[in-house]
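Peer 1:
Residue numbers (the UniProt record's numbering): 1 to 132.
Listed below in structure tokens is the structure:
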């Protein structure tokens, strides 16, 4: 299914272009956020390496917690960015807006709130129940 086949998706080319621009914009924002977080992480490491004299266990624990938080933030941003990249790929393939589980259309309201959604609410709830 091609993105230009608007009869299959029910979207006009203008709507597809608007969705693409919105997804690309958010992807670019996440890339900038990631780059900034990497810089902050590097600064944190430089400060940590240069400022260890007189550290006690609490200081070491605090630095470890800060480092773990910074790494977690980086992973979260990369994950979100990958979701938007996947959404852009799906848009180009013509499958954006359809559930990867059951192929039903994902409600527009869900896509407005969570543009990188890959499943309908029913499939998402089923997956979450199985994971619990």
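All residues carry an ideal CB built from backbone N, CA and C; glycine is no exception.
Quick one: give me the first and last residue of the alpha helix (DSSP H) that residue 131 is part of.
Peer 2: From DSSP, the alpha helix (DSSP H) with residue 131 extends over 121-131.
Peer 1: From the DSSP output, in three-state form, read off residue 98 for me.
Peer 2: Looking at residue 98 - three-state DSSP - the assignment turns out to be strand.
Peer 1: Please name the residue or residues paired with residue 105 in a DSSP beta bridge.
Peer 2: Residue 105 is bridged to 98.
Peer 1: Enumerate in chain order the residues of its own chain whose CB-to-CB distance from residue 105 is below 7 Å, with the five nearest sequence positions on each side excluded.
Peer 2: The answer, listed in chain order, is 97, 98.
Peer 1: Between the C-alpha atoms of residue 70 and residue 31, what's the straight-line distance to the nearest angstrom?
Peer 2: Cα-Cα distance, rounded: 16 Å.
Peer 1: How is residue 58 classed by DSSP in three states: helix, strand or coil?
Peer 2: Helix, per DSSP.
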